[in-house]
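Quick notes on the structure that follows.
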């Protein structure tokens, strides 16, 4: 009996062992109680299923760890999401007064259509970013009275942030006064200030108007190479010294890129001789006939922006209009400069670019590359023909500048760091420094040290009192000698 009692106690103790999910004894008690309550017909066949059900009902999983407090990165990401959501709602927001009469807006580029052409050439912002930019351009046009045209000029890449650039023209620029030689800013609507530019860093940031380009800033920008930082108020530390902040450097680079890389099909524009402002363009009457097979070559394209001279301006002062305000020496100097560096005609073909670097028996200009994309076939459409081909012209002087054409539609865009290609830069006219094969980030070398002029022969400063005393002394000595 003692042995049986000991064995029974051991079994009872074994049944009461709890490993964390309950003891076997308690499970058997629950199983017996459930069988007594439910009274199944075939208890032996259902005892295993009932046991499994009781185990699942009494299972307690491990407690989940407490969620950590959000870090700085998570908080910043959440703030960015909220900012983007607010900005997107602001872009698609309906007018506050739906009963008001609709306002007449100027021409606004449909960037979504142009983005499809740029994607064929391998340049694009993505569908979401392109949609945001298209809506942002419409919002800028709606909130800016007097706007005549608006388009996306491009995107300038920076070290800490990027710049989105919009180009606009306004109505009623007026007739500017003749420009004096000492004027540093060209009048609005002429030369480098033909258009007004807007900039913003983020997709949902407000547009900020850039200042006018100055000739002194354009000249200084030609002698330096600097990446943009993304901060318009940042100081420009460079050699040589630049007279302004980063917003002025950005505006100067925009003027340089536009002067070189803004293209249009030949015979699409013509100079309006009746316009009060010089070099005003208008769409030709036979503009639609300009889109021919020549657009697949450099022969079908021309520059649509005034060329910048070495002075940073697009033209020399008009001596006839300034008659009576200039001296004869000033008139002679201006005429000599104009003969040494004549103004380039507007709508000049791009085949003449960098002729000095053109290899012998080569066709076209080395400053541009032309490539075709898509279907090369020509199909009949109505009374004429239709082509789905996309032709892209890329600038080799300013990497990132591209012009695309498809059918009867073309567009210009710039996406780059606003830096000129060092291998395409010719020698500097002032210093003669050869920059043709240098590194694009190589700074401009300092000017040569000038030789010191030869010293003049020096003499003692004349002193009348001392000279008179010496002459008197000489007379006395002669008398004493006698």
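Residue numbers (our numbering): 142 to 623.
By construction, the Cβ of each residue, glycine as well, lies at the ideal position given by its N, Cα and C atoms.
Note that the coordinates shown come from a computational prediction; the quantities given were computed from them, not determined experimentally.
Legend entry - Host beta strand (DSSP E) of residue 442 (start-end): 442-444
Inset, instruction - Examine the Cβ distances between the stretch 414-422 and the stretch 274-285 and report whether three or more of them are shorter than 8 Å. - result: no
Legend entry - Beta carbon of residue 559 nearer than 7 Å to that of residue 297: yes
Inset, instruction - Assign residue 370 to one of three DSSP states: helix, strand, or coil. - result: coil
Legend entry - Of the residues 341, 405, 476, 355, the one placed nearest residue 334, counting alpha carbons only: 355
Legend entry - beta strand (DSSP E) runs wholly inside the stretch 241-328, at least 3 long, in chain order: 288-297, 304-311
Legend entry - Contact check, residue 371 vs residue 270, beta carbons under 7 Å: no
Legend entry - Euclidean distance between Cα positions of residue 325 and residue 357: 7 Å
Legend entry - DSSP state of residue 628 mapped onto helix, strand, coil: Only positions 142 to 623 of the chain appear in this structure, which leaves residue 628 out of reach.
Legend entry - Start and end residues, beta strand (DSSP E) containing residue 492: That residue, residue 492, is in no beta strand (DSSP E); it is neither H nor E in DSSP.
Legend entry - Neighbourhood of residue 606 by C-beta distance below 8 Å, restricted to the same chain and skipping five residues each side: none
Inset, instruction - Would you check if the distance between the CB atom of residue 538 and the CB atom of residue 503 is smaller than 7 Å? - result: no
Legend entry - residue 526 versus residue 518: straight-line alpha-carbon distance, rounded: 10 Å
Legend entry - residue 547 in three-state terms, based on DSSP: strand
Inset, instruction - Go ahead and label residue 248 buried or exposed: buried means 16 or more other beta carbons lie within 10 angstroms of its beta carbon, across all protein chains shown. - result: exposed
Inset, instruction - Would you please state the rounded distance, in angstroms, between the beta carbons of residue 195 and residue 175? I believe it to be under 8 Å. - result: 7 Å
Inset, instruction - Assess, as a yes-or-no matter, whether the stretch 459-476 is touched by the stretch 492-506 under the definition of 3 or more beta carbon pairs within less than 8 Å. - result: no
Legend entry - Whole-angstrom distance between residue 293 and residue 464, CA atom to CA atom: 41 Å
Inset, instruction - Would you kindly work out how many angstroms separate the C-alpha atoms of residue 411 and residue 422, rounded to a whole number? - result: 6 Å
Inset, instruction - Would you list the one or two residues that DSSP bridges to residue 557? - result: 297
Legend entry - Exposed unless 16 or more other CB atoms sit within 10 angstroms - verdict on residue 255: buried
Legend entry - Between the CA atoms of residue 551 and residue 523 - distance to the nearest angstrom: 22 Å
Inset, instruction - Could you say which of 512, 466, 448 lies nearest to residue 484 if we only look at CA atoms? - result: 448
Inset, instruction - With residue 222 as the anchor, note down where its alpha helix (DSSP H) starts and where it stops. - result: 213-232
Inset, instruction - Can you have a look at residue 262 and say buried or exposed, based on whether 16 or more other CB atoms are within 10 angstroms of its CB? - result: buried
Inset, instruction - For residue 671, I'd like the list of residues in its chain whose CB is within less than 8 Å of its CB, leaving aside the five on either flank, ordered along the chain. - result: Within the shown structure, residues of the chain are numbered from 142 to 623, placing residue 671 beyond reach of any answer.
Inset, instruction - For residue 577, count neighbouring Cβ atoms within 10 angstroms of its own Cβ and tell me buried if that reaches 16, exposed if not. - result: Residue confidence is low: residue 577 scores 44 on pLDDT, short of 50, so the model does not pin down where it sits. Its coordinate-derived value is still stated next. Exposed, by the Cβ-count rule.
Legend entry - Distance between residue 597 and residue 609 (C-alpha atoms, nearest Å): 27 Å
Inset, instruction - Give the DSSP-derived three-state secondary structure of residue 637 in the structure shown. - result: Only positions 142 to 623 of the chain appear in the structure, and residue 637 is not among them; the question remains open.
Inset, instruction - Check whether the Cβ atoms of residue 274 and residue 252 lie closer than 7 Å to each other. - result: yes
Inset, instruction - With DSSP as the reference, label residue 381 as helix, strand or coil. - result: coil
Inset, instruction - Given a cut-off of 7 Å, decide if residue 406 and residue 441 are closer than it, judged by their beta-carbon atoms. - result: yes
Inset, instruction - Please say whether residue 338 and residue 359 have beta carbons closer to each other than 7 Å? - result: no
Legend entry - Coil, strand or helix - residue 521 by DSSP: strand
Legend entry - Per-residue DSSP class, three states only, for residue 151: helix
Legend entry - Nearest to residue 530 (by Cα), restricted to the options 234, 434, 413, 163: 434
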